[in-house]
Structures are given as structure tokens and as C-alpha cells.
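Everything below concerns the one structure shown next.
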Amino acid sequence: MKRPRGILTTRVVPAPRIGLALGGGFARGISHVGVLRVLERENIPLHCITGVSAGAIVAAAYASGATTDEISAIGAAMRFGDVARWSISKLGFAGSERMIAFLRKLLKKWRFEDMQIPLGVVATDLRASATTET
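Residue 76 in our numbering sits at position 49 of the sequence shown; the count goes up by one each step and never skips.
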């Protein structure tokens, strides 16, 4: 099909969608704040964020609405002992009351569906894994 002369057509290209994956590592976790600050400074929107271990904590905080300054301040003041006293539950799984208290200070929202940015957290369901037959 020929276009009539003098009529220009433009192709609309959708804007790219950007997702950010943050890695683990206790000390490296707070360094992710620098990446988030650069994205904000350059007005690059995130369409989703995900992480594992310390990266999941930073991702959850950011997705919940915590600012990079808030995440940075809490991360800089945090010590390993603030989150790492583990206890064994009746089912034999580890838990940490200190981690729960830490997350209560950091997160603005608690439910995935309430996050300001879609959030993914890498985790393993040990109960399901323990009952799976090989």
C-alpha cells in the first residue's frame, strides 16, 4: 500500500522499562544506595526492583518509599549484631527478632502489593524444599 505524497508517518517507540537487580553481601548492600542516587539524579525511573540478601533489604526499603538518605543513614549506623542474633524456632528454622526490629525502622510498607515500585525478593521456602522428593 502506497502512502499519499506529502504525508509523513511517525513510528511511536515505547520508552524503555528499567528493572534493577541488587546483589547480596552485608557490607556491599549499602553501596546499592549510590546506584539508586545516580538513577534519581538522572531522572531514570525504575519500573521494578529486586534483590537477594542485603540487596533485598535495600530493594524493599526503596520500593516501600524510604528515601536514599534514609536507607543510607540506617545502613551506615547498622552493625552486624543489630540484625544477626539468630534463634531456632519450634520447627527448627532460624529466625531473628533483631532483623524484624531493624526492618520495622527501615520499611515504610510491609506488603508486596502496597509497594510504590513492584518488588521481587529472592528467597527459598525451606519447608517446601525439605518435603520435595528427589
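Quick reminder that beta carbons are idealized off the backbone N, C-alpha and C, glycines included.
6 Å CB neighbourhood of residue i in its chain, flanking five on each side removed
i: residue 185; result: Residue 185 falls outside the range modelled here, since the chain spans only 28 to 161, and no answer is possible.
i: residue 95; result: 60, 63 and 64
i: residue 149; result: 79
i: residue 105; result: none
i: residue 49; result: 59, 78, 82, 85 and 86
i: residue 51; result: 79, 80, 81 and 82
i: residue 44; result: 74
With 16 other Cβ atoms within 10 Å as the buried cut-off, status of residue i
i: residue 102; result: buried
i: residue 87; result: buried
i: residue 98; result: buried
Candidates the options, of which the one nearest residue i by Cα
i: residue 67; options: 104, 128, 36 and 89; result: 89
i: residue 47; options: 35, 85, 41 and 38; result: 85
i: residue 139; options: 36, 99, 83 and 129; result: 83
Paired residues, beta bridge with residue i - DSSP
i: residue 47; result: 76
Neighbourhood of residue i by C-beta distance below 7 Å, restricted to the same chain and skipping five residues each side
i: residue 136; result: 91, 92 and 142
* To do: Taking 8 Å as the threshold, find out whether the stretch 66–77 comes into contact with the stretch 136–146 through three or more Cβ pairs.
  => yes
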